[in-house]
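Line order of the protein sequences matches chains A and B.
1 is the number of the first residue of the first sequence in this note's numbering; add one for each residue after it.
125 is the number of the first residue of the second sequence in this note's numbering; add one for each residue after it.
Positions of the beta carbon are idealized from the N, C-alpha and C atoms, including for glycine.
A quick write-up on the structure given underneath.
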Amino acid sequence: MNKKSFLILGAITLWTLSPVLAGTSIAASAKDNYRTYCAQCHGIAGNGRGINIRDMSVQPRNHTDAEYMSQRSDDDLAKADREGGLAIDKSVLMPPWGDTLSPSEIKDMVQYLRTLCHCKYNSQ
Amino acid sequence: MKERLRALRIYPALLALGGVVVAFPSAWAGEDAGMSLLNNRCASCHNLRGPAPASIHALWARKAPDLFYAGNKFRRKWLISWLQKPVRIRPAGEFYADHIKPGPKRDMVDGSTLKPHLALGAADAKLAADALMKLRAHDDLIAKEQVPEGTISTSMGSLVFDKFLGCMACHRIRKDFGGLSGPELYTAGERLKPRFMASYIRSPQAWDPKIWMPNKHVSDTRIIQLVHYLQALSKGGSHE
Chain A
1 MNKKSFLILG
11 AITLWTLSPV
21 LAGTSIAASA
31 KDNYRTYCAQ
41 CHGIAGNGRG
51 INIRDMSVQP
61 RNHTDAEYMS
71 QRSDDDLAKA
81 DREGGLAIDK
91 SVLMPPWGDT
101 LSPSEIKDMV
111 QYLRTLCHCK
121 YNSQ
Chain B
125 MKERLRALRI
135 YPALLALGGV
145 VVAFPSAWAG
155 EDAGMSLLNN
165 RCASCHNLRG
175 PAPASIHALW
185 ARKAPDLFYA
195 GNKFRRKWLI
205 SWLQKPVRIR
215 PAGEFYADHI
225 KPGPKRDMVD
235 GSTLKPHLAL
245 GAADAKLAAD
255 ALMKLRAHDD
265 LIAKEQVPEG
275 TISTSMGSLV
285 FDKFLGCMAC
295 HRIRKDFGGL
305 SGPELYTAGE
315 RLKPRFMASY
325 IRSPQAWDPK
335 IWMPNKHVSD
345 TRIIQLVHYL
355 QALSKGGSHE
């Protein structure tokens, strides 16, 4: 294989793998953001059992609950993340993270939530 | 000859400098001693120079609260007292997620990973407090705040803090009530300056861009109510 063919093959391989590599990177940053901002209430395992919950009048959502999470659209989840619980008629205890996370980080977070519940939005 | 002339010019300056040291020995020694104390005893855990962490991983690596704006944040009297008898302010330490473990009902604080804060003697506590009061980054943010004197009933304050804004999710307002990931607030009125409290509530990110406290866009009226409530909680709280 000459040098030119080798470079072309390398470029094709990178192009083929790019979605996989990008997906890995997005999941990692969303996971870090979840550990930093969400885990305090939703738990380090995402099960809604964070260190803060004992005295809360409304308990945080269990993000591993596929039945509930599949009833919420990606837009709803993004809105709750960005604007807080009151924006979707839920508890004030869920704060708005729109000044902390960028729009793309919020989008990634919704995808990360989908990995926690192993579910997609089901409008039925 | 030239060297002699140069020496004659330098000696008076050295003599004058020596005179200052002799005339104000405590001030000269105090400034150096205070900063030396901070550098030797505090700097391995606390950031004395800024800036605040600009990334998640820098935030995770932070071992203790930043002190480069300590003079705008803390009340000197509280510092002197606390440094002699330190008690934990952040129930889950810093960074909180490094000090929690799964429990049977919920995640729990893993006390075995938390280290006690060192205690200073009375003279060193005063020296450290005076040096800390000179660390005044973000004067501009403090200048934007006005907190008029006033009071609020604890029942109304509790309504604002808990029901309207949901702050109790992360903060304790009594030793046995509230969240654990943020600093306890039942001593905040004694610990913190009123205008710092107002500024931090207005925008935590202005002080600490990656902090896990959200900006809830609290109105001016509510901010003043919260500061008065925190002052009422700690009872001894009064204005600067």
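Here DSSP, grouped into helix, strand and coil, assigns R200 of chain B to helix. Residue environment for G281 of chain B: buried (at least 16 other C-beta atoms within 10 angstroms of its C-beta). H352 of chain B has its alpha-carbon roughly 7 angstroms from the corresponding atom of G274 of chain B. Less than 9 angstroms divides the Cβ of D332 of chain B from the Cβ of A176 of chain B.
Closest option to E269 of chain B, judged by alpha-carbon separation, among B:G195, B:A322, B:F219 and B:L191: B:A322. Using a Cβ-Cβ distance cut-off of 8 angstroms, the stretch 198-211 of chain B and the stretch 231-247 of chain B are in contact, since at least three pairs of beta carbons, one from each stretch, lie closer than that value.
I213 of chain B: not part of any alpha helix (DSSP H); DSSP gives it neither H nor E. Here K31 of chain A has Y112 as same chain residues with Cβ atoms under 8 angstroms from its own Cβ, once five neighbours each way along the sequence are excluded. Neighbours of C294 of chain B in chain A, taken as residues whose beta carbon is under 7 angstroms from its own, are Q40 and N52 in chain order.
Chain B places a beta carbon closer than 9 angstroms to that of N33 of chain A, counting this residue as a contact. Under the 8 angstroms Cβ criterion, the stretch 156-167 of chain B counts as touching the stretch 247-263 of chain B, having at least three qualifying pairs. Inside the stretch 38-88 of chain A, DSSP marks whole alpha helix (DSSP H) runs of 4 or more residues at positions 39-42, 66-69 and 74-83, from first to last along the chain.
Within the stretch 330-357 of chain B, those residues whose Cβ lies closer than 9 angstroms to any Cβ of chain A are, in chain order, P333, K334, I335, W336, M337, P338, N339, K340 and H341. Listed in chain order, the alpha helix (DSSP H) runs fully inside the stretch 266-291 of chain B are 278-282, counting runs of at least 4 residues. Counting the other CB atoms within 10 Å of its CB gives P307 of chain B a total of 16 or more, which places it among the buried residues. Boundaries of the beta strand (DSSP E) around I297 of chain B: R296 to R298.
At least one beta carbon of chain B lies nearer than 9 angstroms to the beta carbon of R49 of chain A. Looking at the DSSP output, L316 of chain B shares a beta bridge with B:F198.
If you look at L183 of chain B, you'll find it in the alpha helix (DSSP H) that goes I180 to A185.
Residue pairing of I224 of chain B in beta bridges, as defined by DSSP: B:V233. Taking 9 angstroms as the cut-off, the beta carbon of Y37 of chain A is found no closer than this to the beta carbon of G46 of chain A. Shown here, G302 of chain B sits in a strand according to DSSP, grouped into three states. From the listed residues B:F198, B:V233 and B:C291, the smallest Cα separation to R346 of chain B is found for B:C291.
Between V233 of chain B and H223 of chain B a beta carbon distance of about 6 angstroms is seen, short of the 8 angstroms cut, so the two are scored as contacting.
Y37 of chain A reaches chain B at W336 and P338, counting residues in chain order whose Cβ is nearer than 9 angstroms. Using a Cβ-Cβ cut-off of 8 angstroms, D263 of chain B is close to nothing in chain A; its nearest Cβ partner there is about 22 angstroms away.
A Cβ-Cβ separation of about 14 angstroms leaves F198 of chain B out of contact with L309 of chain B under the 8 angstroms criterion.
Within the stretch 328-357 of chain B, the alpha helix (DSSP H) runs of at least 4 residues that lie entirely inside it are, in chain order, 328-331 and 344-357. Excluding residues up to 5 positions away in sequence, S91 and L93 lie with their Cβ nearer than 6 angstroms to the Cβ of V58 of chain A in the same chain. Using beta-carbon distances, I106 of chain A does not count as an interface residue toward chain B, since no partner is under 9 angstroms.
K334 of chain B is a Cβ neighbour of A178 of chain B, given a cutoff of 9 angstroms.
Under the three-state reduction of DSSP, P103 of chain A is assigned to helix. In the displayed model, Y34 of chain A falls within a helix according to three-state DSSP. For the C-beta of V233 of chain B, the chain A residues within less than 8 angstroms are, from N- to C-terminus, I51.
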